[in-house]
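Novice:
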Amino acid sequence: MTNSNPILVLGGTGTVGSRVADRLRDAGHDVRVATRHAEFRFDWSAPGTWRPALEGVRTMYVLLPERTGMPESFMPEAYRTGVRRVVLHSDRGVDIMNVTPLQEAERQVRESRCDWTIVRPDWFDQNFETFFRDSVVDGRLCVPIGSTRQGFVDAGDIAAVAARVLTREDHVGRILPLTGPEALSFPEALDRIRDAGGPAVHFDGTPDAYRESLGAEGVPEEVIDTMIENFASLAAQGDTEPTGVVEEILGRPGKDFAAYAREAVAAGVWKRP
Ligand SMILES: NC(=O)c1ccc[n+]([C@@H]2O[C@H](COP(=O)([O-])OP(=O)(O)OC[C@H]3O[C@@H](n4cnc5c(N)ncnc54)[C@H](OP(=O)(O)O)[C@@H]3O)[C@@H](O)[C@H]2O)c1
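Heads up, the final residue of the sequence shown is numbered 275 in our numbering, and it's a clean run with no missing numbers.
Shown next, in the form of structure tokens:
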């Protein structure tokens, strides 16, 4: 690996990927962000866009968008083009929650001829400002997971780990489960948002409330059933134990949820327009 080869960041304009690109640039690396709308156009569903993004790349970070699989021909093409090191962004709940596209992507990366590392983050703190944002602003959030404690982790810490792992050889062949420094139930996380000056939010962790709220959004019954089943499997694991991997790799404490909440309030993420 040399500094003259750009590090390719797929998914590099989203919540985690944009932070990965920033961390790499901050560390002085040449970074190539490629997505459907970035300067380098890359579309998982358009194989003709892959090679231009891969040209000259030896190291790449791969973040697949939600519900998107990695085509079988992608890793072989990346290797043929010269990629030798890959860090795949996966999910701590990949097996428990049956996230098939990521299970498959993990297999393809492990079976590739590249040196690989798989990063498996728990729930992002930032979910409360992305797909839970409207519920937080409206004051009612339903996730059928009861009061089990989850390992909410800051997207900036996930990115810092990814950037570190991309640029060193000592984590090759590892699967890294990433959590924040403390596990919190949803009510506890929402209390921290309120204590930081954000909205007060009522949490309902029952399947019935979840079914009702998703049904009102027009989500098909069979999709809701599968989601409830997957959340039940996650809840059955009980409280999450923080893994300490963020701390191990970064050599500093991970950001706690209260700090995230204070920053998010200061940034106005839950302000009504
Ligand atoms: N949310 C969680 O708590 C959590 C926890 C663990 C793991 N995960 C996993 O994390 C990933 C999501 O991360 P994120 O929230 O950072 O993503 P995100 O913010 O939704 O960003 C998705 C990125 O993918 C790009 N993209 C979308 N469709 C594309 C396509 N067809 N071809 C190429 N690029 C495309 C987007 O850019 P363009 O729109 O410009 O293409 C963007 O850069 C998923 O794999 C999810 O399963 C999530």
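Backbone N, C-alpha and C define an ideal beta-carbon position, used for all residues, glycine too. Please read all numbers here as calculations on a predicted model, not as lab measurements.
I want to check one thing, is the minimum distance from the CB of F126 to the heavy atoms of ligand 1 below 7 Å?
Specialist: Position 124 of the sequence shown holds residue 126. Yes, Cβ of F126 sits closer than 7 Å to a heavy atom of ligand 1.
Novice: Return yes when the C-beta of R38 is under 7 Å from any heavy atom of ligand 1, and no when it is not.
Specialist: Looking up residue 38 in the sequence shown gives position 36. Within the cutoff, so yes.
Novice: Residues in the same chain with beta-carbon distance under 8 Å from T242, minus the five sequence neighbours each way, listed in chain order, please.
Specialist: Locating residue 242 in the sequence shown gives position 240, where the first residue counts as 1. Taken in chain order, the residues that qualify are D124, T150, R151, Q152, G153, T181 and A185.
Novice: Could you check whether N7 and V88 sit closer than 8 Å to each other, using their CB atoms as the reference points?
Specialist: Walking along the sequence shown from the start, residue 88 turns up at place 86. Walking along the sequence shown from the start, residue 7 turns up at place 5. Their beta carbons are not under 8 Å apart, which means V88 does not touch N7 by this criterion.
Novice: Where DSSP assigns a beta bridge to R109, which residues make up the other side?
Specialist: Sequence index remark: in the sequence shown, residue 109 carries index 107 (1-based). DSSP lists no partner for R109.
Novice: If you follow the alpha helix (DSSP H) that P78 is in, where does it begin and where does it stop?
Specialist: Walking along the sequence shown from the start, residue 78 turns up at place 76. Taken as a continuous stretch (DSSP letters only), the alpha helix (DSSP H) holding P78 covers F76 to T83.
Novice: Which complete alpha helix (DSSP H) runs does the region 141–208 hold, if anything under 4 residues is left out?
Specialist: DSSP runs (the alpha helix (DSSP H)) wholly in the region 141–208: 157–168 and 188–197.
Novice: Who are the near neighbours of Y81 in its chain, counting only those whose CB is closer than 8 Å to its CB and skipping five residues on each side?
Specialist: By 1-based counting over the sequence shown, the position of residue 81 is 79. Excluding residues within five positions, the ones whose Cβ falls inside 8 Å are S114, R115 and C116.
Novice: Less than 8 Å separating the beta-carbons of V138 and F130?
Specialist: Along the sequence shown, read from residue 1 onward, the residue named residue 138 stands at position 136. Along the sequence shown, read from residue 1 onward, the residue named residue 130 stands at position 128. Yes, the Cβ-Cβ distance between V138 and F130 is below 8 Å.
Novice: May I have the straight-line CA-CA distance separating V271 from M229, to the nearest angstrom?
Specialist: Locating residue 271 in the sequence shown gives position 269, counting from the first residue. Locating residue 229 in the sequence shown gives position 227, counting from the first residue. In a straight line, the C-alpha of V271 is about 27 Å away from that of M229.
Novice: Can you tell me where the alpha helix (DSSP H) with M229 in it begins and where it stops?
Specialist: Counting from one through the sequence shown, the residue named residue 229 turns up at place 227. Counting along the chain, the alpha helix (DSSP H) containing M229 begins and ends at E223 to A238.
Novice: Taking just the CA atoms, how far does G253 sit from R213?
Specialist: Position 211 of the sequence shown, counting from 1, holds the residue named residue 213. Position 251 of the sequence shown, counting from 1, holds the residue named residue 253. Each residue's alpha carbon lies about 42 Å from the other.
Novice: Does the distance between the C-beta of D24 and the nearest non-hydrogen atom of ligand 1 fall short of 7 Å?
Specialist: In the sequence shown, the residue the question calls residue 24 occupies position 22. No.
Novice: Since V35 is in the beta strand (DSSP E), which residue starts that stretch and which ends it?
Specialist: Counted from its first residue, the sequence shown places residue 35 at position 33. Element bounds for V35: V33 to T37.
Novice: Please name the residue in T83, P73 and M62 whose C-alpha comes closest to that of H91.
Specialist: Looking up residue 91 in the sequence shown gives position 89. Minimum Cα distance to H91 is reached at M62.
Novice: Near V18, which residues of its chain fall below 8 Å by C-beta distance, leaving aside the five closest residues on each side in sequence?
Specialist: Mapped onto the sequence shown, residue 18 falls at position 16. Cβ within range, chain order: L65, H91, P123, F126, A157, I160, A161 and A164.
Novice: Can you tell which of E106, L168 and A211 has its C-alpha closest to the C-alpha of V22?
Specialist: By one-based count along the sequence shown, residue 22 stands at place 20. Looking at the Cα atoms, L168 is the closest of the given residues.
Novice: Buried or exposed for Q128, going by 16 or more other Cβ atoms inside 10 Å?
Specialist: Here residue 128 corresponds to residue number 126 of the sequence shown, with the count starting at 1. Per the 10 Å Cβ criterion, buried.
Novice: Give me the Cα-Cα distance between I195 and I120, rounded to the nearest whole angstrom.
Specialist: Walking along the sequence shown from the start, residue 195 turns up at place 193. Walking along the sequence shown from the start, residue 120 turns up at place 118. In a straight line, the C-alpha of I195 is about 30 Å away from that of I120.
Novice: Got a sec? Which residues, its chain only, sit under 7 Å from G148 by beta carbon, not counting five neighbours each side?
Specialist: By one-based count along the sequence shown, residue 148 stands at place 146. These residues qualify, in order along the chain: G207 and A237.
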